[in-house]
Amino acid sequence: MDELRERNPGQDEFVQAVGEVARDVFDWIADKPEYTDAQILRRLTEPDRIVSFRVCWEDDDHRIRVERGWRVQNNNAIGPYKGGLRFHPSVTESVLKFLAFEQTFKNALTGLPLGGGKGGSSFDPKGKSDAEIMRFCQSFMTELYRHIGPHTDVPAGDIGVGSREIGYLFGQYKRIVNRWEGAITGKGLGWGGSELRPEATGFGAVYFLRRMLDHAGDSLEGKSVVLSGAGNVALHAAQKLIESGAKVLTLSDSDGFIHDADGIDQGKLDWIKALKQERRGRIKEYVEEYPDAEYHGDGAQPWDVDCDIAMPCATQNEIDEDDAKALIDHDVLAVVEGANMPTTHAAARAIRDAGILFAPAKAANAGGVAVSGLEMSQNAERVSWNHEKLDNQLTDLMAEIHDKCVEHGADKDGKVDYARGANIAGFEKVAGAMLAFGVV
Ligand SMILES: NC(=O)C1=CN([C@@H]2O[C@H](COP(=O)(O)OP(=O)(O)OC[C@H]3O[C@@H](n4cnc5c(N)ncnc54)[C@H](OP(=O)(O)O)[C@@H]3O)[C@@H](O)[C@H]2O)C=CC1
Ligand SMILES: O=C(O)CCC(=O)C(=O)O
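Under numbering that gives the first Met the number 0, the first residue of the sequence shown carries the number 0, and numbering increases by one thereafter.
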């Protein structure tokens, strides 16, 4: 780890993500010289390649803007690089390297032939017109297209990249290469997208949670849940929680959170979806429509709200040690990571040490990329599977991921360390392929 820190100066998020995996994998490979001799873990921490490029675009006032774009292609041992694109001011090379590293293990856990990658830009889509977003996306793809393709690297959405951005990106890709091919997932239903892809990450996280509670002899019925975020993952997780009989208490954006002690029901959630996905408004507007709810501003987070289950679904490191302490004091039953690495290292350790069920992101939020993998299969076969078939596949996939975590994470007393299980199961799969390829 010291050497990794030296080789990646200032890349705290990347070092954090590697540390989380290494801690579990070191112990597991201690008596397996085939992995240590071949330096597999060390090789996994050096991305296959990182492409960085200039993205030049013109705003509505005819000013020329210059941003930086990246694609981190971490590892393609088991399939083409696969992972989303993030447009957010917090994006750095370190953030994308951590996400691509995590993605490699997550994609391996799905059981589908998908390698790991991630990309994006510190471009901020907030407050930009549709025309500005289109010009940025077209410029971004004018460089990215030469590094991707259905057998090479297949990007998708992530923070700040939803169906609108995917449309502009795919339209430009198709125009440049003059081929209709599934080089991006998360496409619209009318143009090669898959049923259930928008819902898949949030639904999948709840399917994982249900299986985890079932394994512990409990259920979701009547449980209160605190959620962060109000984007793709949070809103679909909330929908499935409500359908599963749970009570959703909070949602948030980067300005603050709403707390509705009566619970956010399907009608209220539909109102929030229209607010966020159509009007692109702020979560605080909820209390104007539903005055019995409270709004906590100034970037406040919901982790001190009394609940049974916490689901961070916004961004990395949103739960720190103090937040973990609040959750432990409230005696929560489970923490489920909908976002990627939303829990700091110290917070995750405190939560796991307190005996709270902890579903790590690379297992719990793998439903999104899994349905992306199914979108790739549908595109290759020129077919469309229906919602029911995909929902059954997603349910089965999440159950299989859960069971892999149990297989590699169960202690002698029957308690399951899901993070350890996910890290070892993902590593074993990728490492097996890397060993087969020799020294490359
Ligand atoms: N979309 C997918 O299929 C998948 C997403 N994920 C992960 O889930 C998380 C959320 O992604 P997704 O829902 O797609 O993204 P969206 O852009 O749809 O929504 C992100 C939400 O999180 C909030 N948020 C983002 N950054 C911050 C921040 N720095 N501080 C506080 N709030 C923030 C946003 O608020 P605001 O609008 O104010 O910025 C918004 O409500 C990410 O970690 C992503 O990597 C993981 C697997 C798949
Ligand atoms: O569907 C995909 O390829 C992207 C998913 C993703 O970015 C993630 O799992 O974090």
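Backbone N, C-alpha and C define an ideal beta-carbon position, used for all residues, glycine too.
Distance cut-off 6 Å: A155 Cβ against heavy atoms of ligand 2: For A155, the distance from the CB to the nearest heavy atom of ligand 2 is below 6 Å.
G425 beta carbon less than 7 Å from that of L3: no
Proximity below 7 Å, CB of I263 to CB of I282: no
Residues of its chain near E164, where Cβ-Cβ distance is below 6 Å and the 5 sequence neighbours each way are ignored: C136
Beta-bridge partners of S51, as assigned by DSSP: W69
Sequence-distant residues of the same chain with beta carbon closer than 7 Å to A16, five excluded per side: Only F97, F100, E101, M340 meet the Cβ criterion.
Check whether T249 and V304 have beta carbons under 7 Å apart: yes
Where V65 falls, given that 16 or more other Cβ within 10 Å makes a residue buried: exposed
Selection from G367, K125, A358, E380 that minimises the alpha carbon distance to K403: A358
Proximity of V224 and V247 at Cβ, strictly below 7 Å: yes
Distance cut-off 6 Å: K81 Cβ against heavy atoms of ligand 2: yes
Segments assigned alpha helix (DSSP H), at least 4 residues, entirely inside the region 233-259: none
I228: CB within 6 Å of a non-hydrogen atom of ligand 2: Position check: residue 228 holds Gly in this sequence, whereas Ile was assumed. Every heavy atom of ligand 2 is 6 Å or more from the Cβ of G228, so no.
Heavy atom of ligand 1 within 6 Å of I158 beta-carbon: yes
Length-filtered (3 minimum) beta strand (DSSP E) runs lying within the region 165-241: Fully enclosed beta strand (DSSP E) runs of 3 or longer: 223-226.
CB contact flag (E320, A353, <7 Å): no
Proximity to Y289 [Cα-Cα], best of D261, G298, C306, R279: D261
Same chain only: Cβ atoms within 7 Å of N74, ignoring 5 sequence neighbours per side: Cβ neighbours of N74 beyond the five flanking positions: L43, D47, T103, G114, G115, V429.
Own chain residues within Cβ distance below 6 Å of L111, not counting five before or after: G372
Distance cut-off 6 Å: G367 Cβ against heavy atoms of ligand 2: yes
D395 versus K388 - alpha carbon distance: 11 Å
Length of the line joining the Cα atoms of D280 and M133: Residue 280 is actually Gly in this sequence, not Asp. Their Cα atoms are separated by approximately 20 Å.
DSSP beta-bridge partners of Y294: According to DSSP, which records beta bridges pairwise, Y294 is partnered with I257.
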